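Residue numbers (my numbering), protein chains in the order written: chain A, 35 to 220; chain B, 34 to 209.
Glycine is no exception: its CB is placed at the ideal position from the N, C-alpha and C atoms.
Source: prediction; values computed, not measured.
Notes follow once the structure below has been shown.
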Amino acid sequence: MNTKPFEITDEILDKLISTAYGDAGFLDKIYVKKLIRKHENVRLLYEQYSAVANEVHKVKEHEFPYQLTKPLPIRNVNYKEFKNSFWVDLLSIIINRPLISTVTAIVMITAVTVSLINIKQVEYKYTPIEITTADEQVRKALGIVSKIFNETKTTLRNEVLGEKVGTPIRESIGIVNIIFNKGEQK
Amino acid sequence: MLKQKKYRVLVQQYKNKIYTYSLYMLRNRMDADDVTQEVLIRIWQNIDKFNILAAKTWIMKTTNNLCIDYLRKRSKKLNRDIEIDEVFEESHSNSNHSDNPLIITHNNIVFERIKESIERLPDNLKSIFILYEINGLKYKEISKSLDMPINTIKVYLLRARKKLQEELKIYEHETV
């Protein structure tokens, strides 16, 4: 580092201050950082401004006292609602950052529109051979299903209804008849 | 109903900026209260006349004009009873929270010096400094709010920063 004092012109001082406060241009920042590395007096001055800038950036806005709204002659406005409202916050963002909000809205609308158009554009195109093959496959599948239904029907009619259902019913009716006959005889 | 919603949004958005600006410019809580109330009433009265997207500059311009009126009125009067000193206490953001009383005291002293130095700035520099550094307005917005060219704003801001630095040096010398 060069300890020989560097002559700080007004222009350099302006750049140095802007850099310390964090709002200098990119090239100015590089230039100032370069000077800081080279010259002790520039570094000291930068540090002084930087320290003040840090303190200044810590100063916050004052909280608005709500009691100020009490004597206001404005009807139907609930000032307590000013706190914690999603819509108010959303609108505040839109007001504060109109460009970003507009761009975001345009991007979202475009994305939704494009996706809707893409969904509509999905069309299936098949060759006649594919259609014929699919038709055959469907017929075969339906044939299998039909066969199973027929087999089930036959089994139900011949085995289940005849043996498992018909026989016990017949037997129970026979028992009932026997009981009735015995009753008549008595 | 729409008018009320618009009003709510605007007040929610700018209430702290109006109050802070008034407080720093007028250096008196009661006057700042009056100006803030007056601005809120004017927003309600003119809400249909301005574009909501350009509201920030309109509101800050109105606040600035009212502050100037108050300062003019005050210059005619002598010896105000209530001054600002107690007003700024809560506005310091202690980013480096510490339990160490020495550090806390040091931070408070530094903040007090900064506050005093901002107070000592000339009104034309102070208004730009507050709008830019504390209220966070951009050059363009300040330019519209104060009816000044952007280059003038930049020059005044630099002058304010230099002046603040000088004021702090004076403080250091006085302390030593």
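Assigned secondary structure, residue i (DSSP; H/G/I helix, E/B strand, else coil)
i, result
"His96 of chain A", "coil"
"Leu201 of chain B", "helix"
"Lys171 of chain B", "coil"
"Thr53 of chain A", "helix"
"Asp102 of chain B", "helix"
"Met142 of chain A", "helix"
"Ala168 of chain A", "helix"
"Arg192 of chain B", "helix"
"Pro155 of chain B", "coil"
"Asp81 of chain B", "coil"
"Tyr54 of chain B", "helix"
"Pro162 of chain A", "helix"
"Asn61 of chain B", "coil"
"Asn184 of chain B", "helix"
"Thr43 of chain A", "coil"
"Ala88 of chain B", "helix"
"Arg173 of chain A", "helix"
"Ala87 of chain A", "helix"
"Arg131 of chain A", "coil"
"Lys94 of chain B", "helix"
"Glu149 of chain B", "helix"
"Gly59 of chain A", "coil"
"Lys181 of chain A", "helix"
"Glu157 of chain A", "coil"
"Asp118 of chain B", "Caution is warranted here: a pLDDT of 48 is assigned to Asp118 of chain B, below 50, making its placement in the model unreliable, and no coordinate value can be reported."
Burial state of residue i, where buried means 16 or more other Cβ atoms lie within 10 Å
i, result
"Ile183 of chain B", "exposed"
"Arg71 of chain A", "exposed"
"Leu43 of chain B", "buried"
"Trp121 of chain A", "exposed"
"Ala54 of chain A", "buried"
"Phe144 of chain B", "buried"
"Lys48 of chain B", "buried"
"Thr161 of chain A", "exposed"
"Gln219 of chain A", "exposed"
"Gln198 of chain B", "buried"
"Arg194 of chain B", "buried"
"Tyr100 of chain A", "exposed"
"Leu150 of chain A", "exposed"
"Asp180 of chain B", "exposed"
"His73 of chain A", "buried"
"Ile207 of chain A", "exposed"
"Glu166 of chain B", "buried"
"Thr189 of chain A", "exposed"
Proximal residues of chain B, C-beta to C-beta of residue i below 8 angstroms
i, result
"His73 of chain A", "Correct list: empty, because the minimum Cβ distance to chain B is about 19 angstroms."
Residue-chain proximity (residue i, chain A), Cβ-Cβ < 8 angstroms
i, result
"Thr96 of chain B", "no"
"Lys50 of chain B", "yes"
"Phe83 of chain B", "no"
"Arg194 of chain B", "yes"
"Ile74 of chain B", "yes"
"Leu197 of chain B", "yes"
"Leu154 of chain B", "no"
"Leu191 of chain B", "yes"
"Glu119 of chain B", "With a pLDDT of 48 at Glu119 of chain B, under the threshold of 50, the modelled position of this residue cannot be trusted, and the question is left open."
"Arg113 of chain B", "Its pLDDT being 49, under 50, Arg113 of chain B is placed unreliably in this model, and the value from its coordinates should be taken loosely. No, Arg113 of chain B does not count as interfacial toward chain A."
Interface partners of residue i on chain A, CB under 7 angstroms
i, result
"Glu166 of chain B", "Val90"
"Leu201 of chain B", "Val86"
"Val42 of chain B", "Val122, Leu125, Ser126, Ile129"
"Thr53 of chain B", "Glu95, His96"
Beta carbon proximity, residue i to chain B, threshold 8 angstroms
i, result
"Ile129 of chain A", "yes"
"Ile51 of chain A", "yes"
"Phe60 of chain A", "no"
"Tyr55 of chain A", "yes"
"Pro132 of chain A", "yes"
Partners in chain A for residue i, counting only beta-carbon separations shorter than 9 angstroms
i, result
"Ile147 of chain B", "Val86, Glu89, Val90, Lys92, Val93"
"Leu56 of chain B", "His96"
"Leu35 of chain B", "Ordered by position in chain A, no residue passes the 9 angstroms Cβ test against Leu35 of chain B, which lies about 12 angstroms from the chain."
Partner residues on chain B for residue i, Cβ-Cβ distance less than 7 angstroms
i, result
"Leu102 of chain A", "Asp66, Thr69, Gln70"
"Tyr83 of chain A", "Gln198"
Any non-hydrogen atom of the ligand SAM within 7 angstroms of residue i CB
i, result
"Val72 of chain B", "This structure does not include the ligand SAM; it has no bound ligands of any sort."
Chain B residues whose Cβ lies nearer than 9 angstroms to that of residue i
i, result
"Leu106 of chain A", "Gln70, Leu73, Ile74, Trp77"
8 angstroms Cβ cut-off: residues of chain A touching residue i
i, result
"Leu86 of chain B", "Ile129, Pro132"
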